[in-house]
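Chains A and B are the protein sequences, given in the same order.
Just so you know, we're using our numbering here: the first sequence kicks off at 666 and counts up by one.
Just so you know, we're using our numbering here: the second sequence kicks off at 951 and counts up by one.
Ideal Cβ positions, reconstructed from N, Cα and C, are used throughout, including at glycine.
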Amino acid sequence: GAVVSQHPSWVICKSGTSVKIECRSLDFQATTMFWYRQFPKQSLMLMATSNEGSKATYEQGVEKDKFLINHASLTLSTLTVTSAHPEDSSFYICSARRTDSPLHFGNGTRLTVT
Amino acid sequence: GNSVTQMEGPVTLSEEAFLTINCTYTATGYPSLFWYVQYPGEGLQLLLKATKADDKGSNKGFEATYRKETTSFHLEKGSVQVSDSAVYFCALTLAYNQGGKLIFGQGTELSVKP
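In structure tokens:
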């Protein structure tokens, strides 16, 4: 079964509003989670590395004030898209590492900004 | 830098045909290599992996061999099914960050017709 749960699976919001996406590791603790963004027909682009109890590490070109990441516990990381605009519409995917195993991915969140 | 290059899609095959999806990589150090599969509207699932040269990863009839001399990790399956239709991503992670930050290829869409 799924070991990483992502919620919501899809969301539609109006331009200018903020949207929060949750990523939970189920039955294991994840000190590190990763947030990816995927454009249609394209690969996954790493946005940031989320570390429990500390600030996220953002990839070059990713606006940290735009994409707020909070990793408040060992099983939960959140991505908040602030003041969303239509160009933020995308598929966002989180992943978490379980000890001694490859990354497990959530099922993604389809964000549409109107 | 580190990168992954896959053959462009879409790849369209008839059921029971032989599949090859090419993947080559550039990396400093000794990467681990992965193939992930993404079904429509879903996140990524690990298909197979190889952690050192000459290792062969296999799962669900898919195979890929880690070829250091050609820096390749081509995905193969002897007889594809309609249910194999998906997007396939080749990825690497570096040894010092095992199971952590993944670098993805651009993905190859596979469509299998009955």
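For B:LYS1027, the enclosing beta strand (DSSP E) stretches over residues 1025–1027. In terms of beta-carbon proximity, A:GLY771 lines the interface with chain B, with at least one pair separated by less than 8 Å. CA-to-CA, the gap between B:THR1001 and B:GLN995 works out to about 17 Å.
In this structure, B:ASP1034 is the residue among B:PRO990, B:ASP1034, B:LYS1018, B:ARG1017 with its C-alpha nearest to the C-alpha of B:ASN1009. When only Cα atoms are considered, B:GLN1031 and B:LEU963 end up about 9 Å apart. At a cut-off of 8 Å between C-beta atoms, B:GLU1019 does not count as an interface residue with respect to chain A. The beta-bridge partner set that DSSP reports for A:TYR701 consists of A:LEU711, A:ILE758. Nearest C-alpha to B:GLN956 among B:ALA967, B:LYS1063, B:LEU983, B:GLU965: B:LEU983. Look at A:GLU717 here: in three-state DSSP terms it is coil, with no helix or strand label. Look at A:ILE686: its C-beta is not under 8 Å from any C-beta on chain B. In the three-state DSSP reduction, B:PRO981 falls in the strand class (E or B).
Under the DSSP assignment, B:LEU969 falls in the beta strand (DSSP E) whose first and last residues are 969–971.
For A:GLN725, there are no neighbours in chain B by C-beta distance under 7 Å, as the nearest C-beta there is about 12 Å away. Selection A:MET698, A:SER683, A:SER674 evaluated against A:ARG762 yields A:MET698 as nearest (Cα-Cα). At least one beta carbon of chain B lies nearer than 8 Å to the beta carbon of A:THR714. B:ALA1041 has B:PHE984, B:PHE1054 as its beta-bridge partners, per DSSP. Between B:GLY951 and B:ALA977, the alpha-carbon positions lie close to 7 Å from each other. Note: B:ALA1036 is bridge-paired with B:LEU1060 in the DSSP secondary-structure output.
Chain-order list of chain A residues neighbouring B:GLN1031: empty, with the shortest C-beta distance near 22 Å, by a criterion of under 7 Å.
One finds nothing in chain A with a Cβ atom closer than 9 Å to the Cβ of B:GLY1028; even the nearest lies about 25 Å away. Excluding its 5 nearest sequence neighbours in each direction, B:PRO960 has C-beta neighbours in its own chain below 8 Å: THR1058, GLU1059, LEU1060, SER1061, listed in chain order. Cα atoms of B:PHE1039 and B:PHE1054: separation of roughly 7 Å, rounded to the nearest angstrom. Spatial neighbours of A:GLU717 in its own chain (CB-CB distance under 6 Å, excluding positions within 5 residues in sequence) are listed in chain order as THR696, HIS736, LEU739.
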